[in-house]
Amino acid sequence: MSRIGKQPINLPETVAVSIIDHKVTVKANDKTLSLNVPPQLKVELKDKQLIVSVVESSRHSAAMHGLFRSLLNNLVIGVTQGFSKTLEIQGTGYRVAPKDKGIEFSLGYSHPIVFNPPEGIKLEIQENKFIVVSGADKYLVGQTAANIKKLRLPDAYKGKGIRYAGEKIKLKSGKAAKAAE
């Protein structure tokens, strides 16, 4: 049995949970998220707590036990607080501007790149240098942030590009610095 899977998920008063067959739906603050639970796991709602238990004991179901408990906890946190990731744009001439429902990037290519976020994701530009990706679905927030970062990965020599806020890039020394050694 999983240490994480054994822990119950405490539900705030504002959260409503419905369990139909193997589909768990969590609602709060006009946000709705759902998750399909595999048949070897059972989800119960008792006293404003979600409890995940194993139906058939096997190595695979023990691994799924902790995973799906964490995924259900992420649903509860997502509909109550939400998730966000901050990206930083670094480089001379690299710009970002809002365009329609998305964002237009100027990243040193011959053309501007327009990025439209998936449904349920909100993009916010701060100080023309930071992009805040926020939403209720933790996976979707992380995947959208990774897709934006992929538009211009940080350069290994000067560090120009898009990175997560606070991420440290190990820079390589150039030819001149190597020749001086």
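Position 173 of the sequence shown, counting from 1, maps to 173 under this note's numbering, and the rest follow consecutively.
Ideal Cβ positions, reconstructed from N, Cα and C, are used throughout, including at glycine.
- Judged by DSSP in its simplified three-state form, Leu-123 adopts strand.
- Glu-88 and Asn-36 have their C-alpha atoms some 34 angstroms from each other.
- When the Cα atoms are used, Ser-18 and Leu-33 turn out to be separated by approximately 11 angstroms.
- Between the stretch 88 to 98 and the stretch 48 to 59 there are fewer than three C-beta pairs closer than 8 angstroms, too few to call the two in contact.
- For Gly-102 against Asn-116, the beta-carbon gap comes to about 4 angstroms, under 8 angstroms, which counts as contact.
- At the C-beta level, Pro-154 and Ile-131 stay beyond 7 angstroms of one another.
- Nearest neighbour of Val-114 by Cα position, chosen from Ala-180, Ala-63, Arg-69, Phe-105, turns out to be Phe-105.
- DSSP places Leu-140 inside the alpha helix (DSSP H), whose first and last residues are 138 to 150.
- Lys-150 and Ile-162 have their C-alpha atoms some 8 angstroms from each other.
- By DSSP's assignment, Ser-106 forms a beta bridge with Arg-95.
- For Arg-59, the number of other beta carbons within 10 angstroms of its own is below 16, and it is reported as exposed.
- Cβ contact annotation for His-65 (same chain, cutoff 6 angstroms, sequence separation greater than five): Ser-2, Gly-5, Val-54, in chain order.
- Nearest to Asp-30 by alpha-carbon distance, out of Ala-16, Gln-40, Lys-42, is Ala-16.
- The C-beta separation of Phe-68 from Val-141 comes to about 19 angstroms, leaving the pair out of contact by the 8 angstroms criterion.
- Assignment of Ser-70 by DSSP, reduced to helix, strand and coil, places it in the helix class.
- CA-to-CA, the gap between Pro-12 and Asn-74 works out to about 13 angstroms.
- Here Ala-156 carries a coil assignment [DSSP, helix/strand/coil].
- A residue is called buried when at least 16 other Cβ atoms come within 10 angstroms of its Cβ; Leu-171 does not meet this threshold and is exposed.
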